[in-house]
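Worksheet: one structure, shown below.
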Amino acid sequence: MPSSSITSSSNSYSLWLFCLFLCCSATHTHANEALLVPKQLSLSAINGTQQLSISWVGGTATTFDMLILRTELNETVFYKTISVPLISGWHQWTWTSAEPLECTSLSIKVRARDGQRASEWSNTQIHQGYDIPSNPKFQVLPQDKVVPVGASSTFCCIVGEGKLLRSMKLHRDVLKTTRLSRRAYSTVVVNKRPSDHSGNNVVCQDDQKTLTGSVIFAGYPPLSTDFVCETRNLTSAVCHWNEVDTYLYGKRATDYSINERICPENTQEEKQKNCTLDGWAGSWTLVAVNPLGQHNLTDSAELSHRVRPVKPNDLSAVVHAWNATILWVWEHSSYSSFPLVCEVAVTSRGYTTNRTFSGVGLQSVVLSDMHPNEEYTLQIRCGAQKNFWKWGDWSEEFSFKTRTTVPDAPDVWLWMNRDNTGQVVWKPLTQRQSHGRLKGYQVTFQSSEENLQHTVNVSPDTSAAPFNLSHMATLGSGKIQASVIAENEDGASAPSAVLIPLRWTENEPIAVSRAVFLDGAFSLSWEREHNSTCDYVVEWYDASCRKDCPLDWIKVAAPNNFSSIESANFLPGVRYNISLYCCSSEPAQLLLRWQGYMQELVPSRPVYLSAEQRESDIVLSWEGIPLANRRGFLLGYNVYVSNDSHLTLIANLPDIETRKYEVKGYSKGSYKFTVKAYTSAGEDTGATASVMLEPQSM
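Going letter by letter, the sequence shown gives residues -31 to -1, 1 to 667 in mature numbering (1 follows the signal peptide of the UniProt record, and there is no 0).
Right, dumping it as structure tokens:
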């Protein structure tokens, strides 16, 4: 038994030693397995960038040490452990340089890494820069670079063989430089603002004061707004958009395409761009591209919802006195069956009105309510009657003149003097009322009862025809009708008539009311005659006038019983008589009269004052102020006594009919008294009289 136990224990120990040997043997074999050295190292610069593509064959390893040196000065630019996947037996990695790759030669090598272990370095590959001895050119790199505003960019200056750098400048600013090799120097430029059309100059000067340089263009990526497509001819599309300024011009400007079709260049200064496309796609994609980026916009619509017509062409007119037919031609025959709405802007005498017309294929309109013998200028634009999108372009301006015709009937009224004379008056016809060159007026006085008449022809600048009632007795014993017609080259107007009574018996109204001038007018109202259907005439004139007075009037149609009297001829300080007449088949009848001022002023002259002693009193007397000098409604008189050039009020007389005032209680001596008339505007300058008060004998 003991020997058997010893044998079993010995076998177990032997098995343990065997396993330990196998484990140590495997570990030793793995530790001695060498990492493969990367081979077939190749370099390729990526055009338009500062990136270098590096590729190699490196076995199954995925971790590598990458070392990049500036060749000439043997300075490390980049050293880092990187992870690179294996793809089809190759490894590829891209490095971005801070400087343009052309500035100086770079040496690149790589080795595989596994934790603390690393392979041998690969063979060194050199990416040659422009600073090699075989290239002696003095230059700045890169040339004509485009960068975003606010971004920094690196430039390098390569001086000639045997030369040294003196300075690098942007505008007048000296730039800080870093030496890359014997001949190459770099600097960083920050572009805080957009450059102008010619760009910003980076200038390099060597120790011989020779200059070279490069241009940097700072701008923005493309940005477009308000992209929309429409049709002008009902078949093709015209797309419009607004360009936000990129500050990049010429060959660096933004290029545009729509639905992969290149758009022709627009004028650089035009911020609204357009592009015409054959057919109607229904949806469009605008692609804007410049050296700094790309921007896309889209739009979609049905053709009938995006119609903006072209301008009407070849305008013509068939002209009459009161209307005109305007015709035009469309550039596109497709408009003939398309429902249109057109706006006509008509201008005359500096005032423009807009009229709207609609119809299928509309190409003519009739303008009514026009004035004869008048110049008109118009423009036309059109849009879609259904699914209106936008107004089309205005036509060219078109001018024409309406034909002449007979004048309007004059507005006639009557002025009667108190000596049985008077005038038939009328308002001169304006150019718009004359309808042509006015030849004159014809005034006819006739008696309807006895069929007798007398006619007078007057010049076109005359607006009154005098008459004498005494001389008219031969025409009849009742009433005379005066009629006025205006004449031009086309004939005579309709007559306007007024009745003249052979016996003038106008009675002044019992009461004369005051008319108040407010907001630029006299506002009048009166009681309406319930059974009256006749019209009214409101006339006004200077109340101080006595014969053949210039007057004005308006006619108020029944049943109106109010009127607002406005006139540019109203003057401050002038009293106006305003009269209301009723017109019927009989001569005009005076119904009401008002008096009023546009603006009251102080009287323009004082009273004529006298002073005399009457017993122990002093009597002041004065004459009234003529109406023309009152310049307002008199409210009364103020009486003053003068004491050493100072006026003391002794009486206020509100009765304007007062012409006398007795001063009592004064002792003997010399006195001066002043009387001032006043209106709502104040006192006049006053009249002064002196008197010597003598003692009375007993």
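For each residue, glycine too, the CB sits at the ideal point set by N, CA and C.
What beta strand (DSSP E) runs, 3 residues minimum, are completely inside the region 282 to 360? 282 to 288, 293 to 298, 308 to 317, 320 to 329, 333 to 336, 344 to 353
S573 versus A580, L493, Y647, D34, residue with shortest Cα-Cα distance: Y647
Span of the alpha helix (DSSP H) holding S403? 400 to 403
For A120, count neighbouring C-beta atoms within 10 Å of its own C-beta (all shown protein chains included) and say buried if the count is 16 or more, exposed if not. exposed
From D268 to I56, what distance separates their C-alpha atoms? 43 angstroms
Is there contact here, the region 198 to 217 with the region 262 to 281, by at least three beta-carbon pairs under 8 angstroms? yes
Taking three-plus beta-carbon pairs below 8 angstroms as touching, is the region 289 to 298 in contact with the region 218 to 225? no
My output table needs one value for S614: the three-state DSSP class, helix, strand or coil. coil
Give the straight-line distance between the Cα atoms of D247 and T204, rounded to the nearest whole angstrom. 8 angstroms
Excluding sequence positions up to five away, which residues of its chain have a Cβ less than 6 angstroms from the Cβ of V425? V412, A434
Considering only their Cβ atoms, is the gap separating T32 from D100 smaller than 8 angstroms? no
Given a cut-off of 8 angstroms on the beta-carbon distance, is the pair L536 and D521 in contact? Note on residue identity: the sequence assigns Ser, not Leu, to residue 536. Yes, Cβ-Cβ distance for S536 and D521 is below 8 angstroms.
Go ahead and label C173 buried or exposed: buried means 16 or more other beta carbons lie within 10 angstroms of its beta carbon, across all protein chains shown. buried
Which parts of the region 48 to 111 are runs of the beta strand (DSSP E), unbroken and 3 residues or longer, counting only runs that do not cross its ends? 60 to 65, 75 to 83, 94 to 96, 108 to 110
Going by DSSP in three states, C(-9) sits in which element: helix, strand or coil? In this prediction, C(-9) has a pLDDT of 40, which is less than 50 and means its spatial position is unreliable; nothing more can be read from the coordinates.
Please state the DSSP three-state secondary structure of H140. coil
Straight-line gap, W395 to V632 (C-alpha atoms, nearest Å): 55 angstroms
In the structure shown, what three-state DSSP assignment does S532 receive? strand
Given a cut-off of 8 angstroms on the beta-carbon distance, is the pair S452 and S465 in contact? yes
In chain order, which continuous runs of the alpha helix (DSSP H) of length 4 or greater are located wholly inside the region 560 to 612? 596 to 599
Using the three-state DSSP reduction, which class does G188 fall into: helix, strand or coil? strand
In three-state DSSP terms, what is L38? strand
Residues in its own chain within less than 6 angstroms of S(-7) by CB, not counting five upstream and five downstream? Per-residue confidence for S(-7) stands at a pLDDT of 40, beneath the threshold of 50, marking its modelled position as unreliable; the derived number appears in the next sentence. Excluding positions up to five away in sequence, the list is empty.
Three-state secondary structure assigned by DSSP to H264: strand
Alpha carbon to alpha carbon, what distance is there between K645 and T654? 7 angstroms
Would W360 and E300 be called neighbours here (beta carbons separated by less than 8 angstroms)? no
Along the chain, where does the beta strand (DSSP E) containing D175 start, and where does it finish? 169 to 175
According to DSSP, is L4 part of a helix, a strand, or is it coil? coil
Please work out which residues of its chain come closer than 6 angstroms, Cβ to Cβ, to residue 730, disregarding the five sequence neighbours upstream and downstream, and give them in chain order. Missing from the structure shown is residue 730; the chain here goes from -31 to 667 and no further.
Among T18, A81, V258, S66, whose alpha-carbon lies nearest the alpha-carbon of L10? A81
In whole angstroms, what is the alpha-carbon distance linking G330 and A378? 42 angstroms
Alpha carbon to alpha carbon, what distance is there between F486 and E343? 36 angstroms
Taking the straight line between their C-alpha atoms, what separation do you get for L128 and G188? The residue asked about is misnamed: residue 128 is Val in this sequence, not Leu. If you take the alpha carbons of V128 and G188, they lie about 29 angstroms apart.
Cβ-based neighbour list, E581, same chain, cut-off 7 angstroms, excluding 5 preceding and 5 following: V588, V660
Other residues of its chain near Q354: CB distance less than 7 angstroms, five sequence neighbours each side excluded: P308, L309, V310, S327
Where L618 and S649 are concerned, what is the direct C-alpha to C-alpha distance, given to the nearest angstrom? 18 angstroms
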